[in-house]
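Residue numbers (my numbering), protein chains in the order written: chain A, 2 to 86; chain B, 2 to 86; chain C, 97 to 251; chain D, 97 to 251. A virtual CB, placed ideally from N, CA and C, is assigned to each residue, including glycine. This structure is a prediction, so every number in the text was calculated from the model and none was measured. Right, one structure below, let's go through it.
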Amino acid sequence: MAVHLLYFAWVREAIGRDGETIDLPGKVDTVAALVRWLAARGGGYAEALAEPARLRCAVDQSFASLATPIAGAREIALFPPVTGG
Amino acid sequence: MAVHLLYFAWVREAIGRDGETIDLPGKVDTVAALVRWLAARGGGYAEALAEPARLRCAVDQSFASLATPIAGAREIALFPPVTGG
Amino acid sequence: MSARISVQEADFDVASELARLEALGGGGVASFTGVVRGGDGLEALRLEAYPGMTQAALEEIAAEAQRRWPLVGLTLIHRHGTLPVGERIVLVGAASRHRMAALEACAFLIDWTKTRAPLWKQELFAGGSTRWVEPRPEDDVAAAAWDSSAEHGRP
Amino acid sequence: MSARISVQEADFDVASELARLEALGGGGVASFTGVVRGGDGLEALRLEAYPGMTQAALEEIAAEAQRRWPLVGLTLIHRHGTLPVGERIVLVGAASRHRMAALEACAFLIDWTKTRAPLWKQELFAGGSTRWVEPRPEDDVAAAAWDSSAEHGRP
Numbered sequence: 002m003a004v005h006l007l008y009f010a011w012v013r014e015a016i017g018r019d020g021e022t023i024d025l026p027g028k029v030d031t032v033a034a035l036v037r038w039l040a041a042r043g044g045g046y047a048e049a050l051a052e053p054a055r056l057r058c059a060v061d062q063s064f065a066s067l068a069t070p071i072a073g074a075r076e077i078a079l080f081p082p083v084t085g086g
Numbered sequence: 002m003a004v005h006l007l008y009f010a011w012v013r014e015a016i017g018r019d020g021e022t023i024d025l026p027g028k029v030d031t032v033a034a035l036v037r038w039l040a041a042r043g044g045g046y047a048e049a050l051a052e053p054a055r056l057r058c059a060v061d062q063s064f065a066s067l068a069t070p071i072a073g074a075r076e077i078a079l080f081p082p083v084t085g086g
Numbered sequence: 097m098s099a100r101i102s103v104q105e106a107d108f109d110v111a112s113e114l115a116r117l118e119a120l121g122g123g124g125v126a127s128f129t130g131v132v133r134g135g136d137g138l139e140a141l142r143l144e145a146y147p148g149m150t151q152a153a154l155e156e157i158a159a160e161a162q163r164r165w166p167l168v169g170l171t172l173i174h175r176h177g178t179l180p181v182g183e184r185i186v187l188v189g190a191a192s193r194h195r196m197a198a199l200e201a202c203a204f205l206i207d208w209t210k211t212r213a214p215l216w217k218q219e220l221f222a223g224g225s226t227r228w229v230e231p232r233p234e235d236d237v238a239a240a241a242w243d244s245s246a247e248h249g250r251p
Numbered sequence: 097m098s099a100r101i102s103v104q105e106a107d108f109d110v111a112s113e114l115a116r117l118e119a120l121g122g123g124g125v126a127s128f129t130g131v132v133r134g135g136d137g138l139e140a141l142r143l144e145a146y147p148g149m150t151q152a153a154l155e156e157i158a159a160e161a162q163r164r165w166p167l168v169g170l171t172l173i174h175r176h177g178t179l180p181v182g183e184r185i186v187l188v189g190a191a192s193r194h195r196m197a198a199l200e201a202c203a204f205l206i207d208w209t210k211t212r213a214p215l216w217k218q219e220l221f222a223g224g225s226t227r228w229v230e231p232r233p234e235d236d237v238a239a240a241a242w243d244s245s246a247e248h249g250r251p
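This is the structure:
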């Protein structure tokens, strides 16, 4: 399935791009699985996603957890804890 | 002793003036005694000062209680509870 | 600490007052503005002050806020005279490095101003009738709660 | 209830934003403004937003404030982009008949904006170095305290 990925803050900087559209294998069925799958690409991905506990995510623009299923998701964002305000 | 009296809000309205300078007899030695002494004048004074519990006061521009001594005071103000803000 | 305390008839400029607090560099600026609220035929409030004492009382309240919170700046402006519906009555402002300090200081400043500054409100109604505002027990409760609170923090 | 929520690069006009809240007739208007604070060679903050989601997240936070307090109006404006020291970052405002409702709603709005809106701060220092701001545990504590609080009232 094709899904749009978005990266923010130091996740974006380490990966070196602010997003991409990819085809995910069906076995990548949660955010955590996506993070592992992306990290396996190595390079900036491995660096950005080495510690999943430091990551936060949103699925279709709603905050989600690493355990959230992503079947049918159109947009998944990975980012650090928020620091606005 | 000569003391300057000030009246505010409905105390001022009932008495019909915003202040006056008077010579107080020595036996009028607290705010409560002053209130009784003024009320005995009758008319607007009696009306304004009939219920001392509804009154607040300041002696020389510091909040005081009815029991506060007034010997040596130069300015005594009588008024209702404050309602600013 | 930069404090600006004023009792005045004239309106104040909220923008320039808050800009002054922003420029102090604390990073957080909180404010509360009280405005004459209409209803029941009210046309205006008349605010009576005690010349000489009101300013000093507000300065004491401001000094107490400075003791309780780490403020870099503070503003307390109270108007007197006749204020039609929609006119501003009072502005309190506080600047701090800590947002809760700024917000709590504003709550404290308005609570104590309502109950510890010599100011009296009279309501002026359409048709000419008037009524002196009665003190509200909940205002006394709010003000007294700061007495029992610790150095910092909302009671 | 009149809510104005905006995520924008441009500065906002505090005076006109607060005037809008005053004009709603509630009588009490509270605000909090966050400004870029200097120190340690900081030249600017860069605020990164999530286009599409940040606005919606702020609207949800505002809706929650409306459920918790009797507000007649509310404002939540957050800037993104590069903001030099002294620039405003965020404005929250609330109007209510009850001064504590207005002040508490502001505290809530800023606490939740800091911890529940997709926004990230990067510090830009003289000399060109940069640092992503780490979340502060005390901000999470402040935001979570509103979860355990009753419908109203500061935790």
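- With contacts defined as CB atoms closer than 8 Å, residue 121 (chain D) and residue 168 (chain D) qualify as a contacting pair.
- Contact between the stretch 77-86 of chain B and the stretch 214-233 of chain C is present: three or more C-beta pairs spanning the two stretches fall below 8 Å.
- A straight line joining the alpha-carbon of residue 56 (chain B) with that of residue 139 (chain C) spans about 27 Å.
- Counted as a single uninterrupted DSSP element, the alpha helix (DSSP H) harbouring residue 206 (chain C) occupies residues 195-212.
- Under the Cβ criterion of 8 Å, residue 83 (chain A) is counted among the residues facing chain D.
- In the three-state DSSP reduction, residue 71 (chain B) falls in the coil class, being neither helix nor strand.
- Fewer than three pairs of CB atoms, one per stretch, sit closer than 8 Å, so the stretch 32-47 of chain B makes no contact with the stretch 107-122 of chain C.
- In this structure the stretch 189-201 of chain C lies against the stretch 158-167 of chain C, because at least three pairs of beta carbons, one per stretch, are closer than 8 Å.
- By the Cβ neighbour-count rule, residue 237 (chain C) is exposed, with fewer than 16 other Cβ atoms within 10 Å of its own.
- The closest CA to that of residue 195 (chain C), considering only D:158, D:100 and D:128, is found on D:128.
- Remark: fewer than three beta-carbon pairs, one from each stretch, lie closer than 8 Å, so the stretch 74-81 of chain A and the stretch 55-75 of chain B are not flagged as touching.
- Residue 179 (chain C) sits in a strand when the DSSP states are folded into three classes.
- In this structure the stretch 98-112 of chain D does not lie against the stretch 173-190 of chain C, because fewer than three pairs of beta carbons, one per stretch, are closer than 8 Å.
- As the crow flies, the alpha-carbon of residue 5 (chain B) is around 15 Å from that of residue 31 (chain B).
- Here residue 221 (chain D) is bridged, per DSSP, to D:138.
- The Cβ atoms of residue 79 (chain A) and residue 8 (chain A) lie closer than 8 Å to each other.
- Using a CB distance below 9 Å, the part of the stretch 104-129 of chain D facing chain C consists of 109, 110, 111, 112, 114, 115, 117, 118, 119, 121, 122, 123, 124, 125, 126, 127, 128 and 129, ordered along the chain.
- In its chain, beyond the 5 residues on either side, 49 and 81 have a beta carbon closer than 8 Å to the beta carbon of residue 11 (chain B).
- Using a 10 angstroms sphere on the CB of residue 149 (chain C), the tally of other CB atoms reaches 16 or more, which defines it as buried.
- Any Cβ of chain D closer than 8 Å to the Cβ of residue 213 (chain C) would place that residue at the interface, and such an atom is absent.
- A distance below 8 Å between beta-carbons, with the five flanking residues on each side excluded, links residue 177 (chain D) to the following residues of its chain, in chain order: 105, 142 and 143.
- The contact set of residue 74 (chain B) on chain C, defined by CB atoms closer than 7 Å, is empty, because the minimum CB distance reaches about 14 Å.
- Contacts with chain A at 8 Å (Cβ-Cβ) include residue 144 (chain D).
- Listed as beta-bridge partners of residue 8 (chain B) by DSSP are B:79.
- The beta carbon of residue 196 (chain D) sits no closer than 8 Å to any beta carbon of chain A.
- With respect to chain D, the C-beta atom of residue 59 (chain A) has a partner C-beta closer than 8 Å.
- For residue 150 (chain C), the enclosing alpha helix (DSSP H) starts and ends at 149-164.
- Here residue 13 (chain A) carries a helix assignment [DSSP, helix/strand/coil].
- Pairing residue 205 (chain C) with residue 174 (chain C) gives a Cβ-Cβ distance that is not under 8 Å.
- Cβ contact annotation for residue 158 (chain D) (same chain, cutoff 8 Å, sequence separation greater than five): 99, 101, 170, 172 and 205, in chain order.
- Bridge pairing for residue 171 (chain D): D:100 and D:189 [DSSP].
- Counting only residues of its own chain and dropping the five nearest sequence neighbours on each side, residue 133 (chain C) has a CB closer than 8 Å to the CB of 181.
- Assignment of residue 32 (chain A) by DSSP, reduced to helix, strand and coil, places it in the helix class.
- Secondary structure of residue 52 (chain B) (DSSP, three-state): coil.
- A Cβ-Cβ distance of about 14 Å is found for the pair residue 20 (chain B) and residue 45 (chain B), leaving them out of contact under the 8 Å criterion.
- The C-alpha of residue 130 (chain D) is placed about 57 Å away from the C-alpha of residue 2 (chain B).
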